Amino acid sequence: MFRLLAVIALLLGVLPAQATEAGWALLRNGGQVVLMRHAIAPGNGDPANFDIENCGTQRNLSERGRLQARRIGALIEARAAPVEKVLTSRYCRARDTATQAFGADPVEIFEALDLPADDAALEQQKAEILKRINEYTGSGNLIMITHLEIIQALIGGQAREGEAIILSRGGDNLHASARIKFN
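Counting in our numbering, the final residue of the sequence shown is number 1293, and the numbers go up one at a time with none missing.
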């Protein structure tokens, strides 16, 4: 019984590492589209006085989140093909993740990556995001920094803060080919 538990524990410890290595292998080849949830931003939701133009009214990255974002950028620079473009939500936690990780140069605001106002807006955003994903033909990697709700709508799955999901593309059907979890 002890051996069985030890083998199960070993396998559970190895599987996430394999999934991460598969992700790095895909990114090294370039031409990938990556959905990424913003780095660590404590709390849930935004305050009642939320204003998209004012970071002081939003839930923002913690110091740990800023460090996580810089680590993400350094690891991607060291282990992957170049990042061709970074698209980000207008929310400060997503924009700050983008600039902390990749600098200001390749970063572009893409409003479709924002949190959706309602179900109708979500459907419109999904259509815009899918169009952008399917049109991407670059040799470097395209990073899209967004929020959990957008990731769930696109792939039907969860993502931790700062997690990268390398997409398998094909029409309107997206799924995760691999994931890279940044602690």
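Built from N, CA and C at the ideal position, the CB exists for glycine as well.
Quantities reported herein were computed from a predicted structural model and do not represent experimental measurements.
Classify residue i as buried or exposed, calling it buried when 16 or more other Cβ atoms lie within 10 Å of its own Cβ.
| i | result |
| --- | --- |
| E1273 | buried |
| T1207 | buried |
| Q1234 | exposed |
| A1151 | buried |
| A1188 | exposed |
| I1219 | exposed |
| L1114 | At L1114, the pLDDT of 43 sits below 50, so the modelled position is not reliable and the matter cannot be decided from this model. |
| T1198 | buried |
| G1183 | buried |
| R1138 | exposed |
| K1241 | exposed |
| V1124 | Here V1124 scores only 38 on pLDDT, less than 50, and its place in the model should not be relied on; the value that follows carries that caveat. Exposed, since its Cβ has fewer than 16 Cβ neighbours within 10 Å. |
Round the Cβ separation of residue i and residue j to the nearest angstrom and send it over; I've been treating them as touching at under 8 Å.
| i | j | result |
| --- | --- | --- |
| A1269 | R1147 | 4 Å |
| Y1225 | E1271 | Residue identity check: residue 1225 is Leu in the sequence provided, not Tyr. That pair is no contact at about 14 Å. |
| I1239 | L1223 | 7 Å |
Which first and last residues belong to the beta strand (DSSP E) in which residue i is found?
| i | result |
| --- | --- |
| R1289 | H1285 to I1290 |
| A1274 | A1274 to S1278 |
Quick check on the DSSP output: what are the complete beta strand (DSSP E) runs of length 3 or more inside the region 1143-1179, in order along the chain? 1143-1147
Taking contact to mean 3 or more Cβ pairs, one atom from each stretch, closer than 8 Å, check whether the region 1183-1197 and the region 1156-1166 are in contact. The answer is no - the region 1156-1166 does not touch the region 1183-1197, with fewer than three Cβ pairs under 8 Å.
For the pair the region 1138-1146 and the region 1249-1257, tell me if three or more CB-CB distances fall below 8 Å. Verdict: yes, contact present.
May I have a chain-ordered list of the beta strand (DSSP E) segments no shorter than 3 residues that lie completely inside the region 1188-1260? Every beta strand (DSSP E) stretch that sits fully inside the region 1188-1260 and reaches 3 residues is listed by chain position as 1193-1198, 1217-1219 and 1251-1256.
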